[in-house]
Amino acid sequence: MTQIDTKGRILKATSVLSLSTFITLILGYLRDMIMVYRFGSGEETDAWFIASTIPELFHKVLFLGAVGAVFVPTFTSAMKEGEKRAWRLASSVVNIGALAIMPLLIIGMVFPESIVSILAPGFSPPAKEVASELVRVLLPVVLITWLSGMLGNILHVYGRFLPSGVAPVINSTILLLSLIFLSGRYGIASLAYGSLVGALAGLLCFLLSLRKRITLYTPSLLEERRYLKDLFLLMLPVAGAELIGKGIGVVDRIFASTLEAGSITDLQIALKVVSLPLLLFSRASSIVLYPYLSHHTSRGSTKGFKDLFLFGIKVNLFISIPSTIGLFAMGRPFISALFERGAFTSSDTYITANLLYLFTAVLVFQMVIPLLLRGFYSLGQNWVIFRYETSYFLVNVILDLILIRYFGIYGIALATALIVPVLAIYLLYRIHREVGGMEYHLLLPFLKKVLFSALLMGWVIYYLTLLVPTNLPWIILEVILGAGLYILILFLLKTEELNKLLSTVRIV
Numbered sequence: 089m090t091q092i093d094t095k096g097r098i099l100k101a102t103s104v105l106s107l108s109t110f111i112t113l114i115l116g117y118l119r120d121m122i123m124v125y126r127f128g129s130g131e132e133t134d135a136w137f138i139a140s141t142i143p144e145l146f147h148k149v150l151f152l153g154a155v156g157a158v159f160v161p162t163f164t165s166a167m168k169e170g171e172k173r174a175w176r177l178a179s180s181v182v183n184i185g186a187l188a189i190m191p192l193l194i195i196g197m198v199f200p201e202s203i204v205s206i207l208a209p210g211f212s213p214p215a216k217e218v219a220s221e222l223v224r225v226l227l228p229v230v231l232i233t234w235l236s237g238m239l240g241n242i243l244h245v246y247g248r249f250l251p252s253g254v255a256p257v258i259n260s261t262i263l264l265l266s267l268i269f270l271s272g273r274y275g276i277a278s279l280a281y282g283s284l285v286g287a288l289a290g291l292l293c294f295l296l297s298l299r300k301r302i303t304l305y306t307p308s309l310l311e312e313r314r315y316l317k318d319l320f321l322l323m324l325p326v327a328g329a330e331l332i333g334k335g336i337g338v339v340d341r342i343f344a345s346t347l348e349a350g351s352i353t354d355l356q357i358a359l360k361v362v363s364l365p366l367l368l369f370s371r372a373s374s375i376v377l378y379p380y381l382s383h384h385t386s387r388g389s390t391k392g393f394k395d396l397f398l399f400g401i402k403v404n405l406f407i408s409i410p411s412t413i414g415l416f417a418m419g420r421p422f423i424s425a426l427f428e429r430g431a432f433t434s435s436d437t438y439i440t441a442n443l444l445y446l447f448t449a450v451l452v453f454q455m456v457i458p459l460l461l462r463g464f465y466s467l468g469q470n471w472v473i474f475r476y477e478t479s480y481f482l483v484n485v486i487l488d489l490i491l492i493r494y495f496g497i498y499g500i501a502l503a504t505a506l507i508v509p510v511l512a513i514y515l516l517y518r519i520h521r522e523v524g525g526m527e528y529h530l531l532l533p534f535l536k537k538v539l540f541s542a543l544l545m546g547w548v549i550y551y552l553t554l555l556v557p558t559n560l561p562w563i564i565l566e567v568i569l570g571a572g573l574y575i576l577i578l579f580l581l582k583t584e585e586l587n588k589l590l591s592t593v594r595i596v
């Protein structure tokens, strides 16, 4: 397969995941918009944001995410010795994970107040009570998402990505409908009930997709011990890195819980907005690039690895630079158009927009990090990632403690803005050293054209926001016009990479 063919397949698979993510994000935006309209930015919404992090946090504590991250290559290796053998391995992994989850679920459902007190010590008694009830409903989602994640990984090995795209859309749709039709009766708890039913619907989607092979499942625990041992050794640094990495967001919310009511909600909304390009393109492309980078590493093809890695950086720059400039140009009107209605006031818009600007300042660095992490995983340098996450966590705690005293909620965002560039540059240097020299200078001609095109686009949409009213239809139109102008300028500049991108899409 040629590099053009490889890049075409990467773009095709990325487009599937990106489209799914886009639809899910739209549904998530509608959910948040309706939520803040009905409940405002206060104790109830803070309680929801704390409780909704529990399933993912449990996955980190039990190292379930780390197991999933290293399961695909291990399952693929086992498949070479027979499908039944691979499924015995998968069955053992699934069953061990389920058994590990159950005791914690029982404890959590009996003592949810303890979990809430740890994650949000600054909550008032009524807020803790609301969050505790939400935790009880959401805890079964931990087991459901574990099963769904493992089935999704198995489908990826079979080359089937569509179910992984459809399931989140189904989940988000059910969650939104639950909020619309049940919030009048159940209040903020309607979100928890919707999450539970949506997770079950997503699991059903995976089960139906594997219905012809699900009979290969066995109630085994310790079969294929050689592969289980390999998986365990691979997951150790990944588990530590993921647990510590999740702790960064938890620490930020803990500090935010000590501030005025609504601080967690404002922080989370700003993060959601700035994460749009990250979720839509950066993580999707890094997930797709991962097996190809691993393939070059296994063959000892350093040149192939470098070429594909630089291609990945270009994809990220192509999206991250205009996204950064666009968010700076229309950040406050964007927040206002999306959320300022009902109980979400202009004061909330002001705070959230300022947080957004601080996070946006380091978006370019933030978007390249998922690619860097996958690059190190493919090179087998998992402990580098562990050291990266540990450094991030420790410095973040120190900066949060210092900056929150002087800048309040803005101190949390400022801490992120100070840490991310330094660590991203460190990772770029480390991967440069690992492969014997990465030719980053080859990115400069492309970078100049992208930066010029994005700045001109940003200037135009900034003045458009001053001339037209701040409402959602106009904001969407401005985003479309800005994207079109950006592409047009790159085309007029005869950007070689853009022509290659278009020819690659045609091949797909």
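Numbering-wise (my numbering), the sequence shown opens with residue 89 and increments by one.
Each residue gets a CB set at the ideal place from its N, CA and C atoms; glycine is no exception.
All values reported here derive from a predicted model rather than from experimental measurement.
| Item | Value |
| --- | --- |
| With distances taken Cα to Cα, identify the nearest neighbour of residue 522 among 478, 505, 469. | 469 |
| Evaluate the contact criterion for the region 493-509 versus the region 341-356: three or more CB pairs, one atom per stretch, below 8 Å. | yes |
| Taking residue 172 as part of the alpha helix (DSSP H), name the residues at either end of that continuous run. | 171-198 |
| By the three-class DSSP mapping on this structure, what secondary structure does residue 469 have? | coil |
| Skipping 5 residues on each side, what residues in its chain have a beta carbon closer than 6 Å to that of residue 89? | Here residue 89 scores only 48 on pLDDT, less than 50, and its place in the model should not be relied on; the value that follows carries that caveat. Closer than 6 Å at Cβ, skipping near neighbours: no residue. |
| Does residue 510 pass the burial test, meaning 16 or more other C-beta atoms within 10 Å, or should it be called exposed? | exposed |
| What is the DSSP secondary structure of residue 389, counted as helix, strand or coil? | coil |
| Roughly how many angstroms separate the alpha carbons of residue 579 and residue 541, rounded to a whole number? | 10 Å |
| Just to check my reading of the structure: residue 457 and residue 444 have Cβ atoms closer than 8 Å, yes? What is that Cβ distance to the nearest angstrom? | Residue 457 to residue 444, Cβ: 19 Å. No contact. |
| Looking only at its chain, what residues have a beta carbon closer than 7 Å to the beta carbon of residue 573, apart from the 5 residues adjacent to it on each side? | 545, 548 |
| Assign residue 213 to one of three DSSP states: helix, strand, or coil. | helix |
| So, helix, strand or coil for residue 525, using DSSP? | coil |
| Verify whether the separation of the beta carbon atoms of residue 159 and residue 259 is less than 8 Å. | no |
| Look at the Cβ atom of residue 290, then the Cβ atom of residue 108, and state whether they are nearer than 8 Å. | no |
| For the ligand ADP, any of its heavy atoms closer than 7 Å to the Cβ of residue 157? | With respect to the ligand ADP, the structure shown offers nothing to examine, as it has no ligands at all. |
| Any chance the region 368-382 sits against the region 529-536, with 3 or more Cβ pairs inside 8 Å? | no |
| Pick helix, strand or coil for residue 307, following the three-state DSSP scheme. | coil |
| What do you reckon, are the CB atoms on residue 177 and residue 163 nearer than 8 Å? | yes |
| Please give me, in chain order, every unbroken run of the alpha helix (DSSP H) with length at least 4 that falls completely inside the region 120-161. | 131-139, 142-149 |
| With a CB to CB cut of under 6 Å and the five nearest residues on each side skipped, what residues in its chain are close to residue 167? | 174 |
| Excluding five sequence neighbours on each side, which residues of the same chain lie with their C-beta closer than 7 Å to the C-beta of residue 617? | As shown, the chain starts at 89 and ends at 596. That puts residue 617 outside it, with no answer to give. |
| At what residues does the alpha helix (DSSP H) containing residue 678 begin and finish? | Nothing can be reported for residue 678: it is not among the residues displayed for the chain, which extend from 89 to 596. |
| Pull up the CB-CB distance for residue 432 and residue 125, whole angstroms please, since I reckon it's below 8 Å. | 7 Å |
| Give me, in chain order, the residues of the same chain whose beta-carbon lies closer than 7 Å to that of residue 532; leave out the 5 immediate sequence neighbours on both sides. | none |
| Quick test of your reading: residue 440 and residue 358, contact by CB under 8 Å. State the CB separation rounded to the nearest angstrom. | 5 Å |
| Does DSSP classify residue 36 as helix, strand or coil? | Here the chain covers residues 89 to 596 and nothing more, so residue 36 does not appear. |
| What is the DSSP secondary structure of residue 363, counted as helix, strand or coil? | coil |
| As a quick exercise: from 189, 568, 450, pick the residue whose alpha carbon is nearest that of residue 507. | 450 |
| Would you call the region 324-343 in contact with the region 466-482, where contact means no fewer than 3 C-beta pairs closer than 8 Å? | yes |
| Nearest-angstrom Cα distance between residue 266 and residue 123? | 11 Å |
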